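Undergrad:
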Amino acid sequence: MEYAILFLLLTFVSGVSLLIVIPIAQKLADFSMPPWPETLWKLALVAAGVNAIGLALDPVNVFLSWIVGAVAFWTIMVKWFDVDLFGAMVIVVVSWVARIILGQILVGIVEAAF
9 MEYAILFLLL
19 TFVSGVSLLI
29 VIPIAQKLAD
39 FSMPPWPETL
49 WKLALVAAGV
59 NAIGLALDPV
69 NVFLSWIVGA
79 VAFWTIMVKW
89 FDVDLFGAMV
99 IVVVSWVARI
109 ILGQILVGIV
119 EAAF
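Numbered as in the numbering used here, the sequence shown ends at 122 without a single skipped number.
1) Once DSSP output is grouped into helix, strand and coil, what is the label at S40?
2) Considering only the alpha carbon of each residue, which of E119, L114, L72 and W104 lies closest to V54?
3) Taking just the CA atoms, how far does L26 sit from L17?
4) How big is the Cα-Cα spacing for M97 and T83?
5) Looking at the unbroken alpha helix (DSSP H) that takes in V101, where does it start and where does it end?
6) Measure the alpha-carbon distance for L93 versus S40 and round it to whole angstroms.
7) Would you mind reading off the limits of the alpha helix (DSSP H) that contains M9?
8) Helix, strand or coil: how does DSSP classify V68 here?
9) In whole angstroms, what is the alpha-carbon distance linking L36 and V101?
10) With 16 other CB atoms within 10 Å as the buried threshold, where does I117 fall?
11) Taking buried to mean at least 16 other C-beta atoms within 10 Å of its own C-beta, is L72 buried or exposed?
12) Between the C-alpha atoms of A106 and I75, what's the straight-line distance to the nearest angstrom?
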């Protein structure tokens with residue numbers, strides 16, 4: 009139950025943070041994204057998949073889950089969205105810093121509640 013709640017919360021945070029980070033990264037790295045409907049469902053799948061990987065590896069090692077999640081996120085962004093290397097790096101760095109901070113805050117809140 010705890011992992012299901014964490015998965016849903018972290019996926020929501022990831023999705024929202026990506027919606028905020030993508031326009032900022034587009035300005036910094038000068039790349040284009042697909043039309044918004046296609047971008048939204050792809051970002052939802054990216055957020056859910058990367059969070060599933062992160063939660064699966066979190067009991068093993070927190071830092072391993074962050075590293076594997078970042079690599080999976082970067083790979084998906086490069087392959088699915090045809091973002092160049094620099095654009096993907098900008099998105100990964102900015103979004104993962106924001107998501108790690110927000111995710112740890114949410115994990116602390118959920119663990120305190122249970």
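Cβ coordinates follow ideal geometry from the N, Cα and C atoms, glycine included.
What you are looking at is a predicted structure, and each value in this text was computed from that prediction instead of being measured.
TA: Checking against the coordinates, here is how it stands:
1) Here S40 sits in coil by DSSP.
2) W104
3) Computed Cα separation, rounded: 14 Å.
4) The alpha-carbon separation between M97 and T83 amounts to approximately 10 Å.
5) L93 to A121 is the span of the alpha helix (DSSP H), which, as asked, contains V101.
6) 13 Å
7) Looking at the DSSP string, M9 is not in any alpha helix (DSSP H), and its letter there is neither H nor E.
8) coil
9) The straight-line gap from Cα to Cα measures roughly 12 Å.
10) exposed
11) exposed
12) 15 Å
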